[in-house]
Amino acid sequence: MDNKMRDELLNLFRSKINRAMRYYLETCTRCGVCTEACHVYNSMGQTKYIAAYRHEIVRRLYKKYFKARGKIWPGFGEAKGLSDMTLEELFDAAYSCTGCRRCMVFCPFGIDTQMLMSIAKLMLIGANAEPEILTMLADTSIEKGKSLELFKESFLTGIKNLESEVVEKWKIEAGETAIPVDVEDADLLYVALAGAHSIIPAAVVFNAAREKWTLSFFEAVNFGAFVGDPTRTKLIMDRIIAEAKRLKVKEVCICECGTAYRVMKQLSGKQPFKVSSITEVQAGYIREGRIKLDKTKFTDTITYHDPCQIARNGGVIDEPRYILDNLTDNFRDLTPEPKYNWCCGGGGGLVALGDETLDFRMKSARVKVDQVKATEAKILATACENCHTQLSNLNDHYKMDVAVRFLSSMVADALLPQ
Ligand code: SF4
Ligand code: SF4
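Counting in this note's numbering, the sequence shown runs from 16 upward without gaps.
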C-alpha cells in the first residue's frame, strides 16, 4: 500500500471519530465478558470472532495514528501500521460480524461493535476492497431514485398485475384500488421490498383495516447500510423521505426488512411523518379492533425469531408477541429472552452476498438452530427478509423441520371477515 492510499484511508478513519466512537475506541478493558456473546464465536469457537478481538484490529490503528503515544513510539500499546494485511484482517472482522449488537448488551461499557466495524467497512470502500456486489446494488437503488420516470410505467404495470391476488384474499368496495400508488394525502406510505410476497399480504391487511395508504415507488432495502457507506445510505434513504414529503403522508411504514427499518427510524432525523414497522402497524390494527384474526388458522406450535435490527436495535419486541397472542394459543417464545436473542447469522450484508457466504452463514449460526429446536415449534415466524432467507437456509441445512413464515403474511392468512 502506498502512502497516498494510506493517508486516504486514515482520513476515512478520522471522519468516523466522534465522541461516541472515541469512547468505544478507548474504553475496552479486555474483561472478556463479551467472549461468549457472539453467535459466530459461540458456533465456531475461533478467537478471531470474539467481539473484543474484532475491535482490537481497529483499535491498533487508532493507537498508532490518532493517539500521541502511538505516533511517537509505534511499538507501544501494540500500535501496528496500516498495510494490505491489515485490510484483509479488517475485511475478515467486518464481514463476519452481522452487526447484531448482542455483544453490546453484555459489555459493561456498552461498546458497540457494529459502530467499530463501520470504520473497517468505510476503509474497505476507500481501498476498493469491499464486496463489490453490495456497492453495485446500492448504486442501482440510487440511480432508480434519480430517474423515477424511466421505470414508473413498468412498475405500475407490475403492480396492476398483483391486484387480483389482493382482491382474492380481501374483497374491496367498488371504485377502490387494491394497491394504491402515488396517492397524495394518504395517511400511510408503505415501503415494500421487490416481490409480490412483500406487497400482497401487506395490501390485504391495509385494505381490511380500511387504511388510507399508498405504495412507495421505491424498495425499502438499503444496500448502502450493508456496505457501511454513509453517503450511499443517506441517498437511498432520502428517495423515500422525498416521496413521503411529496405525498404529504403522516406515517412511513417499512416492510419486513430489519436494516431498512432501523435506518429510517434512527437516521432519518426529524421529519413531518412518523416511522413504523409493519409489525407495529398490524399490532395497532388488532388493538384498535380494525382487524380480527382467526385463532384456528394455525394449529401448529409457533415460535418467533426477533430480527436484531427490529427488536434489540429497534425496540419492537412487544408488538409481534401481541400479534401472536391474537393469532394462536400455541406460541412458544425462544430462550433467552428477546434482548439476548441469538442473531440468525444473516445480517450485515451476509445474506445479500448469497452463496458466497452460505458455508460461513451455516457454520456461524449453529446456536440459532439449537435455540429454535429447543422450542419444538413447527412454525418459525419472523419479520425480516434477511432473517427469513437465512432461517430458510438453516432449515434446509440442519433439517430443522419447521415452516419459516413472515409474520405479516400469517396475519393476512388469518384475517376474519368483519
Ligand atoms: S465486554 Fe466490553 S470491555 Fe469487556 S472485553 Fe468485551 S468489549 Fe471489552
Ligand atoms: S455485533 Fe453480533 S456478530 Fe458482531 S461481534 Fe457482536 S455479537 Fe458478534
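We put the beta carbon where it would ideally sit given N, CA and C, even for glycine.
Given the structure is predicted, the values throughout are model-derived calculations rather than measurements.
If you follow the alpha helix (DSSP H) that residue i is part of, which residue opens it and which one closes it?
i: Ile174; result: 163-184
i: Lys368; result: In the sequence under discussion, the amino acid at residue 368 is Leu, which differs from the Lys named in the question. Unbroken run through Leu368: none, as it is neither H nor E.
i: Cys402; result: 400-413
i: Ala396; result: Looking at the DSSP string, Ala396 is not in any alpha helix (DSSP H); the run it does join, the beta strand (DSSP E), is 394-397.
i: Val382; result: 381-388
i: Ala240; result: 238-242
i: Arg336; result: 333-342
Are there 16 or more other CB atoms within 10 angstroms of the CB of residue i, so buried, or fewer, so exposed?
i: Pro287; result: exposed
i: Lys280; result: buried
i: Asn408; result: buried
i: Asn176; result: exposed
i: Asn26; result: exposed
i: Pro432; result: exposed
i: Lys354; result: exposed
i: Asn33; result: exposed
i: Arg327; result: buried
i: Asp385; result: exposed
i: Phe421; result: buried
i: Arg261; result: exposed
i: Asp22; result: exposed
i: Glu168; result: exposed
i: Glu303; result: exposed
i: Gly273; result: buried
i: Thr314; result: exposed
i: Glu234; result: buried
i: Glu400; result: buried
i: Lys414; result: exposed
i: Ala83; result: exposed
i: Lys388; result: exposed
Can you check whether the CB of residue j is closer than 9 Å to the CB of residue i?
i: Leu4; j: Ala259; result: This structure does not reach residue 4, given that the chain is present from 16 up to 433, and the question cannot be answered.
i: Ala66; j: Tyr56; result: yes
i: Asp17; j: Leu137; result: no
i: Asn345; j: Ile301; result: no
i: Gln297; j: Ser423; result: yes
i: Ala398; j: Thr318; result: no
i: Pro123; j: Cys46; result: yes
i: Cys118; j: Gly362; result: no
i: Cys358; j: Leu406; result: no
i: Asn356; j: His403; result: no
i: Thr150; j: Arg247; result: yes
i: Leu250; j: Gly160; result: yes
i: Thr128; j: Arg69; result: yes
i: Cys270; j: Ala367; result: no
i: Arg305; j: Arg225; result: yes
i: Leu40; j: Leu131; result: yes
i: Ile194; j: Ile174; result: yes
i: Ala201; j: Val264; result: yes
i: Leu230; j: Ile215; result: no
i: Val196; j: Phe166; result: no
i: Val267; j: Val236; result: no
Could you spell out where the beta strand (DSSP E) holding residue i opens and where it closes?
i: Tyr64; result: Neither: Tyr64 is in no beta strand (DSSP E) and is coded neither H nor E.
i: Leu230; result: 228-230
i: Val419; result: 418-421
Using a Cβ-Cβ cutoff of less than 7 Å, which residues in the same chain neighbour residue i once the five nearest sequence positions on both sides are dropped?
i: Asp428; result: Lys312
i: Thr372; result: Leu365
i: His412; result: Met377
i: Ile256; result: Ser283, Gln286
i: Asp309; result: Ala429, Leu431
i: Thr42; result: Phe124, Ile126
i: Asn410; result: Val417, Val419
i: Trp185; result: Val219, Asn222, Ala223, Leu430
i: Tyr276; result: Ile269, Ser292, Gln324, Ile325, Gly329
i: Glu51; result: Asn57
i: Ala392; result: Thr316, Ile317, Thr318, Arg347, Val417
i: Val48; result: Phe121, Cys122, Pro123
Cutting at 6 Å between CB atoms, please list the residues of its own chain near residue i, excluding the five before and the five after it.
i: Ser133; result: Gly243
i: Leu152; result: Phe238
i: Ile140; result: Asp244
Looking only at its own chain, which residues have a Cβ that is under 8 Å from the Cβ of residue i, when we skip the five neighbours before and after it?
i: Ser379; result: His54, Val55, Ser58, Met59, Tyr64, Ser111, Gly360
i: His212; result: Phe421, Ser424
i: Thr294; result: Glu271, Ile325, Val331, Glu334, Pro335, Ile338, Ala398, Leu422, Ser423
Could you check whether the Cβ of residue i sits closer than 9 Å to any Cβ belonging to chain D?
i: Asp200; result: As a matter of chain content, chain D is missing from the structure shown, which is built from one protein chain.
(request) Just list the alpha helix (DSSP H) runs in the segment 196-221, keeping only unbroken ones of 4 residues or longer that don't cross its boundaries, in chain order. (result) none
(message) Extract the residue ranges of the alpha helix (DSSP H) inside the segment 81-144, only unbroken runs of 4 or more that lie entirely within it.
(response) 83-87, 99-109, 117-121, 128-141
(message) Which complete alpha helix (DSSP H) runs does the segment 247-331 hold, if anything under 4 residues is left out?
(response) Within the segment 247-331, the complete alpha helix (DSSP H) segments at least 4 residues long are 273-282, 293-302, listed from N- to C-terminus.
(request) Output the residue ranges of the alpha helix (DSSP H) runs that lie fully inside the segment 17-51 and measure 4 residues or longer, sorted by chain position. (result) 18-31, 34-42
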